């Protein structure tokens with residue numbers, strides 16, 4: 495009797511374990527997904543602070559399932575912009591435009607990543623380096639301003655002297 499119970503328990507465990515393995519294998523096949531490629535970011539690499547610039551971000555998925563839903567772009571200044579293709583997923587190869595302006599001078603690295611319908615994120619893209627230098631007045635512009643001002647002052651003084 496003990497052997498029969500032991501045999502029955504062994505068969506039950508074998509069947510349960512076997513069906514569990516089968517379910518896991520089936521779920522692995524069902525969720526076979528390749529994450530999207532890192533996005534490609536194209537836009538200006540030099541600019542002025544407090545001026546907006548538009549960047550074109552191309553999103554692609556090697557599975558070509560055309561369901562890219564989320565985009566994050568880190569502009570290197572502490573601001574990460576997010577966009578969502580939630581209602582209308584982005585198609586494979588679609589270009590999304592993002593606008594950004596920097597509040598301070600410096601050099602910044604822009605990177606991005608995209609997620610597909612399975613919520614799998616791509617790696618962060620290769621950075622593009624953007625420089626926002628100080629607004630400098632060139633020496634020529636400064637001399638030109640001085641000469642125009644001086645010229646106007648001389649004309650004014652000549653008029654005053656002529657009328658005395």
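Residue numbers (the working numbering): 495 to 658.
All residues carry an ideal CB built from backbone N, CA and C; glycine is no exception.
Since we're looking at a predicted model, the values are computed, not measured.
As assigned by DSSP and simplified to three states, the class of residue i
i           : result
residue 527 : coil
residue 539 : coil
residue 604 : strand
residue 573 : coil
residue 639 : helix
residue 566 : strand
residue 552 : strand
residue 615 : strand
residue 534 : strand
residue 580 : coil
residue 557 : coil
Between the CA atoms of residue j and residue i - distance to the nearest angstrom
i           : j           : result
residue 565 : residue 642 : 52 Å
residue 586 : residue 617 : 17 Å
residue 626 : residue 619 : 21 Å
residue 602 : residue 593 : 15 Å
residue 621 : residue 604 : 5 Å
residue 579 : residue 639 : 51 Å
residue 599 : residue 628 : 6 Å
residue 558 : residue 615 : 15 Å
Closest Cα partner of residue i within the set the options
i           : options               : result
residue 567 : 561, 625, 587 and 553 : 553
residue 589 : 596, 528, 549 and 569 : 549
residue 570 : 623, 556 and 536      : 623
residue 608 : 556, 547 and 562      : 562
residue 535 : 547, 526 and 596      : 547
residue 551 : 599, 598, 637 and 537 : 537
residue 597 : 531, 541 and 532      : 541
residue 556 : 530, 614, 637 and 595 : 530
Delimiting residues of the beta strand (DSSP E) encompassing residue i
i           : result
residue 658 : Element bounds for residue 658: n/a, residue is neither H nor E.
residue 593 : 589 to 594
Residue burial classification, residue i (beta-carbon count within 10 angstroms, cutoff 16)
i           : result
residue 544 : exposed
residue 573 : exposed
residue 526 : exposed
residue 533 : buried
residue 658 : exposed
residue 610 : buried
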